[in-house]
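Asker: Once you've had a glance at the structure underneath, I'll fire off some questions.
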Amino acid sequence: MTVAPEAPGARQVSRRSRTVLPGPSRSADPGGERRRALTSLRDTDVYAVIGAASAALSLTWLLFVWLLPFNGPVGFVVMAYGLFLLVYALLVSLDEDGPAVVDRIAAAMVRSMGFLMVAILVIVVVYALVQGRTALVHLNFFTEDMTLAGPLEPLTIGGALHAAVGTLIMITIALAITVPVGLVCAVFLTEVPGPFSRFVRTIVEAMTALPSIVAGLFIYATVILSLGVDLGGFAAGLALSVMMLPIIIRAADVVIRLVPGTLREASYAMGTSRWRTVWHVVLPTCRSGLTTSVILGTARGIGETSPVMLTSGMTQELNLDPFHDPMLALSFATFEYVKSPEPTMIARGFGTASLLMALVLVLFVAARVIGGRGPGQLTRRQEHRRVIASRRDARRFAERAGRTTPATAQAAPSTPPATFRTQPGSSS
Numbered sequence: 091m092t093v094a095p096e097a098p099g100a101r102q103v104s105r106r107s108r109t110v111l112p113g114p115s116r117s118a119d120p121g122g123e124r125r126r127a128l129t130s131l132r133d134t135d136v137y138a139v140i141g142a143a144s145a146a147l148s149l150t151w152l153l154f155v156w157l158l159p160f161n162g163p164v165g166f167v168v169m170a171y172g173l174f175l176l177v178y179a180l181l182v183s184l185d186e187d188g189p190a191v192v193d194r195i196a197a198a199m200v201r202s203m204g205f206l207m208v209a210i211l212v213i214v215v216v217y218a219l220v221q222g223r224t225a226l227v228h229l230n231f232f233t234e235d236m237t238l239a240g241p242l243e244p245l246t247i248g249g250a251l252h253a254a255v256g257t258l259i260m261i262t263i264a265l266a267i268t269v270p271v272g273l274v275c276a277v278f279l280t281e282v283p284g285p286f287s288r289f290v291r292t293i294v295e296a297m298t299a300l301p302s303i304v305a306g307l308f309i310y311a312t313v314i315l316s317l318g319v320d321l322g323g324f325a326a327g328l329a330l331s332v333m334m335l336p337i338i339i340r341a342a343d344v345v346i347r348l349v350p351g352t353l354r355e356a357s358y359a360m361g362t363s364r365w366r367t368v369w370h371v372v373l374p375t376c377r378s379g380l381t382t383s384v385i386l387g388t389a390r391g392i393g394e395t396s397p398v399m400l401t402s403g404m405t406q407e408l409n410l411d412p413f414h415d416p417m418l419a420l421s422f423a424t425f426e427y428v429k430s431p432e433p434t435m436i437a438r439g440f441g442t443a444s445l446l447m448a449l450v451l452v453l454f455v456a457a458r459v460i461g462g463r464g465p466g467q468l469t470r471r472q473e474h475r476r477v478i479a480s481r482r483d484a485r486r487f488a489e490r491a492g493r494t495t496p497a498t499a500q501a502a503p504s505t506p507p508a509t510f511r512t513q514p515g516s517s518s
């Protein structure tokens with residue numbers, strides 16, 4: 091049955107009306123309302139900050155000098171900061187509504203706290219450099235130990251070479267223990283869930299708040315007194331590893347848990363085992379985060395003093411053997427030199443602290459260069475090895491195809507052509 095097309099003048103079926111929300115109709119021009127920009131920095135924001143800061147400083151100075159019996163830089167800064175927030179809120183409220191005012195005040199507080207943290211860090215670094223500048227300008231401070239230098243000797247004699255070498259040896263021993271153990275434990279906590287992994291995670295979280303002196307006492311009682319190991323770099327490295335291990339495990343655990351589960355599922359779908367999935371998928375994906383966890387553990391261990399005091403001993407000579415004789419670290423040397431009443435030793439103490447900060451910076455940069463690449467990014471050497479492996483695989487496939495084709499041709503039997511016989515009385 092054929093249906094004739096509808097005539098052009100036929101009655102059209104009316105469409106069902108759409109649902110209309112109550113309230114004023116929405117139009118392209120929303121009543122002339124000005125859209126608020128939340129991310130861009132406007133001139134009025136800059137003027138409000140400058141005006142609030144100027145008004146807060148002026149009012150604080152007026153209160154401290156003329157009206158109130160207050161003094162001291164700490165009180166001045168605290169009162170000026172409180173007045174700044176009040177004046178800034180008043181200025182913002184002239185142009186914005188309630189939620190915008192709260193947002194601007196919260197943003198000002200967060201940014202001011204960040205600026206305060208950076209300012210404190212800069213003050214600490216600059217103060218150590220300024221106090222130790224008299225020792226840092228001498229080359230012998232980096233190339234000599236304190237064998238021939240005493241408290242009354244000038245800064246042209248002696249240095250911190252033995253302490254720097256001792257710190258490197260101790261932190262190397264600690265990293266050799268904590269990095270493989272910490273990463274394996276973090277992988278176990280993430281990839282093998284269960285009651286035992288929850289128990290291990292609880293122990294690790296408890297060890298994170300372990301006092302450093304307890305770690306030093308533990309190594310001193312178990313390794314030095316019980317096993318008879320000498321005071322030196324090896325015992326100090328063990329004590330530092332006790333402090334670094336929970337930091338690395340917790341940070342690596344958090345980083346590994348951030349790896350998307352779809353990557354693991356894709357690897358398992360291809361028939362890969364669990365350990366190959368972890369080695370080739372999970373760990374390369376979170377390589378940068380694992381590097382950060384190692385840096386956090388290194389920063390925790392390299393600045394510890396109390397475990398080193400109990401396990402390394404005190405010496406003024408350069409010692410390269412961590413298993414025999416005492417060994418000095420930069421943190422312990424800073425503590426010993428600064429508490430001396432002699433100005434030259436105090437200068438050596440601040441110079442040693444500056445050297446310790448420079449060493450931490452060098453280790454941080456080296457770790458970021460080694461492990462700071464993102465997922466899938468390869469070095470030139472890795473790309474070269476991958477190209478060589480691809481060429482080797484292609485050559486092996488070609489040789490296998492060349493061996494398979496002739497053998498298959500020879501093994502295939504020659505079948506005679508099929509013949510059909512016609513039975514009597516049948517028709518073809």
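Residues in the sequence shown are numbered consecutively from 91, following the working numbering.
Yeah, the Cβ is synthetic: ideal placement off N, Cα and C, and Gly gets one too.
1) Report the three-state DSSP secondary structure of ASN409 (helix, strand or coil).
2) Indicate the three-state DSSP secondary structure (helix, strand or coil) for LEU158 in the structure shown.
3) Mind checking which residues open and close the alpha helix (DSSP H) that includes ASP135?
4) Looking only at C-alpha atoms, which of SER363, GLY323, THR292 and THR388 sits nearest to ILE338?
5) Where does GLY306 sit, in a helix, a strand or coil, going by DSSP?
6) Would you check if the distance between the CB atom of GLY420 and the CB atom of ALA254 is smaller than 9 Å?
7) Spatial neighbours of SER331 within its chain, please: CB distance less than 7 Å, with the 5 preceding and 5 following residues excluded, ordered by chain position.
8) Counting C-beta neighbours from all protein chains within 10 Å, is the total for GLY113 16 or more, i.e. buried, or is it exposed?
9) From PRO189 to LEU181, what distance separates their C-alpha atoms?
10) To the nearest angstrom, report how far apart VAL372 and THR381 are at their CA atoms.
11) Which runs of the alpha helix (DSSP H), 4 residues or longer, sit entirely within the stretch 306-389?
12) Excluding the 5 residues preceding and the 5 following LEU449 in the sequence, name in chain order all residues of the same chain whose CB lies nearer than 8 Å to its CB.
13) In terms of alpha-carbon separation, which member of VAL167, PHE166, ALA276 and ASP193 lies closest to TYR178?
14) Under three-state DSSP, which class holds THR442?
15) Where does GLY165 fall in DSSP's three states?
16) In angstroms, rounded to a whole number, what distance separates the CA positions of VAL344 and VAL368?
17) Would you tell me roughly how many angstroms separate the C-alpha atoms of SER383 and ALA311, rounded to the nearest one?
18) Could you compute how far the alpha carbon of ARG116 sits from the alpha carbon of ASP185?
19) Assuming GLN417 and GLY323 are in contact, meaning their beta carbons sit under 8 Å apart, how far apart are those beta carbons, in whole angstroms?
20) List the endpoints of the continuous alpha helix (DSSP H) containing HIS228.
21) Does PRO241 pass the burial test, meaning 16 or more other C-beta atoms within 10 Å, or should it be called exposed?
22) Just to confirm the assignment, what range does the alpha helix (DSSP H) spanning THR222 have?
23) LEU88 by DSSP, collapsed to three states: which one?
24) Restricting to Cα atoms, I'd like to know which of THR224, ILE213 and THR280 is closest to ARG364.
25) Which residues mark the beginning and the end of the alpha helix (DSSP H) in which THR401 is found?
26) Return the CA-CA distance between ASP235 and VAL212, expressed in angstroms with no decimal places.
27) Is the beta carbon of GLY248 closer than 9 Å to that of PHE532?
28) Could you compute how far the alpha carbon of LEU238 sits from the alpha carbon of LEU300?
29) Just checking my contact of PRO336 with THR298 at CB under 8 Å: how many whole Å lie between their CB atoms?
30) Using a 10 Å radius around the Cβ and a threshold of 16 neighbouring Cβ atoms, would you call SER302 buried or exposed?
31) Give every residue of the same chain whose Cβ lies closer than 7 Å to the Cβ of PHE174, excluding the five residues on either side of it in the sequence, and list them in chain order.
32) Apply the 10 Å Cβ neighbour rule to ALA359 and answer buried if 16 or more other Cβ atoms are within range, or exposed otherwise.
33) Run through DSSP, which three-state label would LEU245 get?
34) Measuring CB to CB, does LEU153 end up less than 9 Å from PHE160?
Answerer: By the coordinates alone:
1) In the sequence shown, the residue the question calls residue 409 occupies position 319. Taken through DSSP and simplified to helix, strand or coil, ASN409 comes out as coil.
2) By one-based count along the sequence shown, residue 158 stands at place 68. Look at LEU158 here: in three-state DSSP terms it is coil, with no helix or strand label.
3) Taking the sequence shown and counting its residues from 1, one reaches residue 135 at position 45. Segment 133-152, the alpha helix (DSSP H) holding ASP135.
4) Here residue 338 corresponds to residue number 248 of the sequence shown, with the count starting at 1. Per the Cα distances, THR388.
5) The residue given as residue 306 occupies position 216 in the sequence shown. Residue state, collapsed to three classes: helix.
6) As a first step, residue 420 must be located in the sequence shown, where it is residue number 330. As a first step, residue 254 must be located in the sequence shown, where it is residue number 164. One point to set straight first is that residue 420 is Leu, not Gly, in the sequence displayed. Cβ distance < 9 Å, so LEU420 and ALA254 count as in contact.
7) Translated into positions along the sequence shown, residue 331 becomes position 241. Closer than 7 Å at the Cβ level, and outside the excluded window around SER331, lie ALA264, ILE267 and THR268.
8) Position 23 of the sequence shown, counting from 1, holds the residue named residue 113. Note that GLY113 scores a pLDDT of 48, beneath 50, so its modelled location is shaky and nothing firm can be said.
9) In the sequence shown, the residue the question calls residue 189 occupies position 99. In the sequence shown, the residue the question calls residue 181 occupies position 91. A straight line joining the alpha-carbon of PRO189 with that of LEU181 spans about 14 Å.
10) Within the sequence shown, residue 372 is the residue found at index 282, counting from 1. Within the sequence shown, residue 381 is the residue found at index 291, counting from 1. Each residue's alpha carbon lies about 14 Å from the other.
11) Runs found: 323-347, 351-359 and 364-367.
12) Along the sequence shown, read from residue 1 onward, the residue named residue 449 stands at position 359. In the same chain as LEU449, and ignoring 5 residues on each side of it, the C-beta atoms closer than 8 Å to its own belong to ALA254, THR257, LEU258, ILE392 and LEU420, in chain order.
13) If you number the sequence shown from 1, residue 178 lands on position 88. Of VAL167, PHE166, ALA276 and ASP193, the smallest CA-CA separation from TYR178 is found for ASP193.
14) Here residue 442 corresponds to residue number 352 of the sequence shown, with the count starting at 1. When DSSP states are grouped into helix, strand and coil, THR442 belongs to the helix group.
15) By one-based count along the sequence shown, residue 165 stands at place 75. In this structure, DSSP gives GLY165 a helical state, which the three-state scheme calls helix.
16) The residue you call residue 344 lines up with position 254 of the sequence shown. The residue you call residue 368 lines up with position 278 of the sequence shown. Each residue's alpha carbon lies about 15 Å from the other.
17) Indexing the sequence shown from 1 puts residue 383 at position 293. Indexing the sequence shown from 1 puts residue 311 at position 221. Rounded to the nearest whole angstrom, the CA to CA distance from SER383 to ALA311 is 29 Å.
18) By 1-based counting over the sequence shown, the position of residue 116 is 26. By 1-based counting over the sequence shown, the position of residue 185 is 95. Only weak support exists for where ARG116 lies, its pLDDT of 48 falling under 50; the value from the coordinates is given anyway. Going by the C-alpha atoms only, they are around 25 Å apart.
19) Here residue 417 corresponds to residue number 327 of the sequence shown, with the count starting at 1. Here residue 323 corresponds to residue number 233 of the sequence shown, with the count starting at 1. Before going further, note that residue 417 is Met rather than Gln in the sequence given. About 4 Å separates the CB atoms of MET417 and GLY323; that is less than 8 Å, so the two are in contact.
20) Residue mapping note: residue 228 aligns to position 138 of the sequence shown, counting from 1. For HIS228, there is no enclosing alpha helix (DSSP H), since its DSSP letter is neither H nor E.
21) To locate residue 241, count along the sequence shown from 1; it is residue 151. Exposed is the call here.
22) The residue labelled residue 222 in the question sits at position 132 within the sequence shown. Checking the displayed sequence, the identity of residue 222 turns out to be Gly instead of Thr. Neither: GLY222 is in no alpha helix (DSSP H) and is coded neither H nor E.
23) Only positions 91 to 518 of the chain appear in this structure, which leaves residue 88 out of reach.
24) Counting from one through the sequence shown, the residue named residue 364 turns up at place 274. With distances taken between Cα atoms, ARG364 lies closest to THR280.
25) One-based indexing of the sequence shown puts residue 401 at position 311. It spans 396-401 - the alpha helix (DSSP H) in which THR401 sits, taken as one unbroken run.
26) Along the sequence shown, one-based indexing puts residue 235 at 145. Along the sequence shown, one-based indexing puts residue 212 at 122. Taking the straight line from one Cα to the other gives about 29 Å.
27) Past the boundaries of the shown model lies residue 532; the chain is included only from 91 to 518, so the question cannot be answered.
28) Counting from 1 along the sequence shown, the entry for residue 238 is found at position 148. Counting from 1 along the sequence shown, the entry for residue 300 is found at position 210. In a straight line, the C-alpha of LEU238 is about 39 Å away from that of LEU300.
29) Here residue 336 corresponds to residue number 246 of the sequence shown, with the count starting at 1. Here residue 298 corresponds to residue number 208 of the sequence shown, with the count starting at 1. About 5 Å separates the beta carbons of PRO336 and THR298, which is inside the 8 Å limit, making them a contact pair.
30) Within the sequence shown, numbered from 1, the residue matching residue 302 stands at position 212. Around the beta carbon of SER302, a 10 Å sphere encloses 16 or more other beta carbons of the protein chains shown; the residue is thus reported as buried.
31) As a first step, residue 174 must be located in the sequence shown, where it is residue number 84. Beyond the five residues adjoining it in sequence on each side, PHE174 comes within less than 7 Å, by CB distance, of ALA142, ALA143 and ALA146 in the same chain, given in chain order.
32) As a working mapping, residue 359 is identified with position 269 in the sequence shown. It counts as exposed.
33) Along the sequence shown, read from residue 1 onward, the residue named residue 245 stands at position 155. In the displayed model, LEU245 falls within coil according to three-state DSSP, outside both helix and strand.
34) The residue labelled residue 153 in the question sits at position 63 within the sequence shown. The residue labelled residue 160 in the question sits at position 70 within the sequence shown. Taking 9 Å as the Cβ cut-off, LEU153 and PHE160 qualify as a contacting pair.
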